[in-house]
Every structure is written in C-alpha cells, then in structure tokens.
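Right, one structure below, let's go through it.
Number of protein chains: 2
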Amino acid sequence: MPNFGSCNVFLRATFGIDPGAEIGRQLGELATQVHVIRGQEVKTDPADTTLVFLASGATKLGALASRERHQIVAFHFGGDIFTVPAVSVHRYMLIGLCESTLTTFPAREFYDRAASNPWIMRALLERSQTALFRCRDKAVNLGQKSAGERVAGFLLAMWERLDASEGSSPMIDLPMSRGDIGESLGLKIETVSRQFTKLREAGIIDTHGRSGVSLLDLPRLAEQAGYYDRNTVPPRPEWVERKPELVP
Amino acid sequence: MPNFGSCNVFLRATFGIDPGAEIGRQLGELATQVHVIRGQEVKTDPADTTLVFLASGATKLGALASRERHQIVAFHFGGDIFTVPAVSVHRYMLIGLCESTLTTFPAREFYDRAASNPWIMRALLERSQTALFRCRDKAVNLGQKSAGERVAGFLLAMWERLDASEGSSPMIDLPMSRGDIGESLGLKIETVSRQFTKLREAGIIDTHGRSGVSLLDLPRLAEQAGYYDRNTVPPRPEWVERKPELVP
DNA sequence: CGGGATGTTGACGGTCTTCAAAAGCGGTGG
DNA sequence: CCACCGCTTTTGAAGACCGTCAACATCCCG
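Protein chains in written order, with the numbering used here: chain R, 1 to 248; chain X, 1001 to 1248.
Quick look at the structure:
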C-alpha cells in the first residue's frame, strides 16, 4: 500500500517532482514512513542498501567494528538524503539523536524507477558525492589529526551545518552527547571532555549545560583544528615536493 | 580539440556507449588524456571536482592534513572510475603508484552532458556509492581499530581487489610502498613494518622482497583484522542494547 | 657490483586509553 | 518551587600503544 506522508514533501522539495505525477506515484509506492525517538534504531534491510530521506530531526549513522566498538560515520539533519549500506565487513545502523521522521526506500528499486528522470539522478549523484567528500575529510581527520584538532574541527563543522544564529559570538546547540562525539571522532568520551575543557580554559569556546557551545573565537578555533587557513584559498603552487621522479 | 584515446575505451567499457554516437562525441570533447609515471601527480582543477577514469596502472588519492601530514583516502586500479574533489578544508592530490594512463573530465560539465543518459548516470551513481562505502569502512578502521587490525584488514582488502591468482596460498604483489600503506592506515612506516613482522613471525603471511606478500592463513588473518566472521552473515538479532528509551 | 632508496629493528617518550571517583545537569515528584 | 535521583560529564592517576629518533639491513636499479 503506497505511503504518502512526508514522501511527497521529499519528492517535491528535493527533486521538484509534482507528487501527482506518474513518477511520484511510482516512487511513493516504495516509501516507508518511519518515526523514531531518541536512541531508537531505524531498521534497514541488511541485504540491500537503503535510501533515506530525513524529513525532520537528527540521526547518527554508525558502524560496528566489533562488539563494544562503534564508529559514527555521519550525522544527518532535517532535509538530508543519504544511504545506509547493506551489511558487509561492518554492520551499519541508523539511530535517532532526537525525535525524527523519515522516509526510507529500497535503493536499488528506487534507482530503477528514477533512472529515466535526469533531475532525480543528478540530485542523487551530487548528494552521494557530498557524502563521499565529507567521509574523506573524516578519514583525514581520523588518520592524521590529534584529539585537540579533531574536536576543534568537529565544532567548526557542526557550526557550519547547524547554521547558528548570526549573533556576535556564534552559539550552537549540539544534538549529540559527548559519547556520540567521541564515537564520531574515534576518541573516548573522557578525551573529548578534556579537549572541551582545554578550549574553554583557553577562552576559545564556552559551554552552557550539556548541549550549548559558544564559539567565542572562530579564527583561533580554526587554528586549533590544524587548517592552513579556512577563509582564504588554500596554497596553489609547489605541491610536488614528492619528487616527480626521472622522466622516461 | 576532442581527445579520442582511451576515452573511447572508457565510454564503451563502462557505459556501453558506441563512441560513434552523439553522446560519445560530446563527452569525448571534455576528455583530457594523461600519462603519469611513478610518483608523479595528476594535475586536477583546484576549483572543481574532476572525474577520472583510470585506464591502466594504479594511483593513490591523498589529502594534505597539513604540511608533512598526508592521508591516503583511496587506492585505485585499472578500470576504476572516481572523482578528485575540489579544494575545501583539505587539498587532495592524485599520484601514480606506477606508470598509469588515465582520462580526466570536468565533473560538472560531464554530468550536464550525460544527464539525459540513464545508463551513464546510474553507473556513476553506483560507483560513487561504492567509493562512499569503502570510505566509510576506512573511517571505521581509522577510528576504532588497532595497528594490527588495520594492517591485517588492509592485506585482506588488497587481496580482494587485486584478485590474486587462485593458488593454494594467495600471493599478492603490492604496488604501494610501506610508506603509502602507513599513510593509508594512519600509521607510521615503522609501525606498519612491525605489524608485518608480527604477522610473518606468526606464520600468517610471508613476504618476498619489497612488494610480494603470501597470505598463508586467511582465516587467521581475518581474525587479526578484528572481523566477526568474514564468511558468514553478521549477527542479526539483538542490536538494540542501546536502550530505546521510554516511549512517549 | 655499488650506491641510494626502502624497509627493519631497538630504545624511549608522548598521547590517548583505562580505571576510578566526584561533580553537575535535568527531569520527576513532592 | 524545591529536593531528590539517575545519567552524563568532568577530573585524576596509572598504563598501553603508537610515534619518534637513530642505527642498521636489504632491495633494486643502474
């Protein structure tokens, strides 16, 4: 039985599809409406990729490296479109950070039906690449950066994605716990906490309760994150210090 | 001036396009043929994403976290299609592991021209997702696994991708140096070397020269990689030990 | 066969984790 | 409105793992 809930909102907002159109009906047939509360898992097909539209709320996409070792590979917020992979070497799971409503589709069938619509495929491709680029940046952070750099970088990334109010000192309201942050950054909760304390003592941030964070000094925060310079174009010349080796 | 080299091979092999077709001509106009030797960088547009088809050889896609800190986010081999991101918080660069020939396209324009062809878009989307899933697995490894687990997992992944000869004990010929492996796994070269030594002393692998590795005991190697069990379906039940929290 | 790059091994030190306990927040009920 | 209680967060001390520095061995190419 077709499920026309936030699915229609999704199709219209993301792809510009009139829900009354034939393609809208065909895709709507694949939709499953899901509502989760904080901490609850969204069940996805372990045998095939699931396409997810997060209508409202926030979720974390995590993987099990082994029992007791979780890695969060991405946070998602209202309006996001993403995929939950089938089980391979790691098992992924999608969990609500707060009360959230979402629409899920079996990815393969969705693609089959959407293939004839250039706009949809283009939108899916670009969002997939955005996710890939974010994931690559995460890999760089996990592989090369210290705990302090990771936490600072995390705060900057969240500030950009949560689009804080344009006050004098940007303030963000983190929907995830310190534990979630740790699992996202490959750090233990105690280490995350210590880094928050360091940034607070340095006057770079301030914290309010469990979730409120004021970014008092963005340039210094970017510096702590280990970026060259976030606001100017990165260095262009001389990238070939890794010897080009003798020409044939 | 259109460049019809391995581009035609690419279009035919990947998308089933007859190079004589109009779409083939239009895409061919965007192609740039590149030939690199070991250690040489493939120049890509810092301002826009580049789509790359690797006709033959092998490359590494690396990012600069800062000067002197590189992270390799992916290795690619002949036949692979992938993208090199524009410069954002990190600068990416594509470097040959050995003599390689490839074709590059400006991604945006390629997508514009290919949008009307469902097959191409579908193929691009699925390859993008493959890259995303690999990258997520890498993030899990970097964030949660020990040096020993990372090296063992790396060898298994390379064995699968390089498709070793079907001998009694699989043997692979690594095209990348220990340094490259370290940069891929977020470890220093000395640590990688020590882990190789451990695996060799345990009788799990054997090494021949710089690049040859025999995988003498695959099950034990998978065990060292920290996987539950690579050959059976991962555990299905009881995944919600993270309390679903009180129902409203 | 020789030289330089690549890889290996050892000792030591720093960063993050582990283990343990105290403090703070936030929701519930009086 | 305030006191209580559970859970999250913070803080501290000790230990493990990986990184750093340095020396040596090996491989591969000319």
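For each residue, glycine too, the CB sits at the ideal point set by N, CA and C.
Judged by their CB atoms, Leu216/R and Gly226/R are not nearer to each other than the 8 Å cut-off.
With its beta carbon at least 8 Å from every one in chain X, Gly28/R lies outside the interface. Using a Cβ distance threshold of 8 Å, Ile1095/X and Gly1062/X count as a contacting pair. Taking 8 Å as the threshold, the shortest C-beta distance from Lys138/R to chain X falls below it. Contiguous beta strand (DSSP E) elements confined to the region 1098 to 1170 of chain X occur at 1100 to 1106, taking only those with 3 or more residues. Only those residues of the region 210 to 222 of chain R whose C-beta falls short of 7 Å from the nearest C-beta of chain X would be listed, and there are none. At least one CB atom of chain R sits nearer than 8 Å to the CB of Met1121/X. DSSP, read as helix, strand or coil, puts Thr1083/X in strand.
Contact annotation, Val84/R with Thr49/R: C-beta distance approximately 7 Å; criterion of less than 8 Å satisfied. Exclusion of the five residues before and after Glu1109/X leaves Leu1030 as the residues of its chain whose Cβ lies within less than 6 Å of its Cβ. Residue pairing by DSSP places Val36/R opposite Ser100/R in a beta bridge. Pairing Leu125/R with Met1093/X gives a Cβ-Cβ distance that is not under 8 Å.
No Cβ of chain X is located within less than 8 Å of the beta carbon of Ser56/R. Those residues of the region 1082 to 1093 of chain X placed with their C-beta closer than 8 Å to a C-beta in chain R are Thr1083, Pro1085, Val1087, Ser1088, Val1089, His1090, Arg1091, Tyr1092, Met1093, ordered along the chain. When secondary structure is reduced to three states using DSSP, Gly16/R falls in the coil class, being assigned neither helix nor strand.
Residue contact check for Gln1071/X against chain R: a CB pair falls below 8 Å. Contact between the region 1059 to 1073 of chain X and the region 1006 to 1021 of chain X is absent: fewer than 3 CB-CB pairs across the two stretches fall below 8 Å.
In this chain, the alpha helix (DSSP H) harbouring Leu1185/X covers 1178 to 1185.
With a 10 Å radius around the Cβ and a threshold of 16 neighbouring Cβ atoms, Pro219/R comes out exposed. Each of Gly186/R, Glu190/R, Leu174/R, His76/R was checked against the Cα of Leu155/R, and the nearest Cα belongs to Leu174/R. At a beta-carbon threshold of 7 Å, the residues of chain X lying near Lys145/R are Ala1065, ordered along the chain.
Distance from Thr1059/X to Ser1100/X at the Cβ level is roughly 6 Å; contact confirmed, criterion being Cβ atoms closer than 8 Å.
The beta carbon of Gly203/R sits no closer than 8 Å to any beta carbon of chain X.
Counting the other CB atoms within 10 Å of its CB gives Gly1079/X a total below 16, which places it among the exposed residues. Between Ala131/R and Ala74/R, the C-beta spacing is below 8 Å.
Sequence-ordered contacts of the region 152 to 164 of chain R with chain X are nonexistent [C-beta pairs closer than 7 Å]. Among the residues facing chain X, Cys135/R is included, as its CB has a counterpart in that chain under 8 Å away. In this structure, the beta-carbon distance from Arg1091/X to Cys135/R does not fall below 8 Å.
For Thr1059/X, no alpha helix (DSSP H) run applies; the uninterrupted beta strand (DSSP E) run containing it begins and ends at 1058 to 1066, by DSSP. The C-alpha of Phe1082/X is placed about 18 Å away from the C-alpha of Pro1118/X.
For Leu1011/X, the three-state secondary structure derived from DSSP is helix. From the beta-carbon of Gly1226/X, the residues of chain R found nearer than 9 Å are Ala65, Ser66, Arg69. Annotation: His76/R to Phe196/R spans about 22 Å, alpha carbon to alpha carbon. Out of Arg1161/X, Arg1150/X, Gly1186/X, the CA that lies nearest to the CA of Leu1199/X is found in Arg1150/X. Residue range 69 to 77 is occupied by the beta strand (DSSP E) that includes Arg69/R. Here Glu1160/X is exposed. Its C-beta has fewer than 16 other C-beta atoms within 10 Å.
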